[in-house]
Amino acid sequence: MRLITYKNREDGAMHVGVLINNDSEVVSLSNNGFPRDMNEIVKLVVMD
Numbered sequence: 000m001r002l003i004t005y006k007n008r009e010d011g012a013m014h015v016g017v018l019i020n021n022d023s024e025v026v027s028l029s030n031n032g033f034p035r036d037m038n039e040i041v042k043l044v045v046m047d
């Protein structure tokens, strides 16, 4: 599990989440902007 920040294609806003299942799924820690799948994420920053 890794903490990340990401941007959605739809709103362009920064969100915070956690990567799970070998980095194949994102669990959003933000209130909104939950990505439907990894293809909706424009930029992904992994914080190890």
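In numbering that gives the first Met the number 0, the protein residues as written are 0 to 47. All C-beta atoms, glycine included, are put in the ideal place defined by N, C-alpha and C.
Checklist entry - Where D22 and T4 are concerned, what is the direct C-alpha to C-alpha distance, given to the nearest angstrom? => result Counting from 1 along the sequence shown, the entry for residue 22 is found at position 23. Counting from 1 along the sequence shown, the entry for residue 4 is found at position 5. Using only the alpha carbons, I get a separation of about 13 Å.
Next on the checklist: For S29, which residues in the same chain have their Cβ closer than 8 Å to its Cβ, ignoring the five residues on either side in sequence?
Outcome noted: By 1-based counting over the sequence shown, the position of residue 29 is 30. The answer, listed in chain order, is H14, V15 and G16.
Checklist entry - What does G16 pair with, by DSSP beta-bridge criteria? => result Sequence index remark: in the sequence shown, residue 16 carries index 17 (1-based). Within the DSSP bridge table, the entry for G16 names I3 and S27 as partners.
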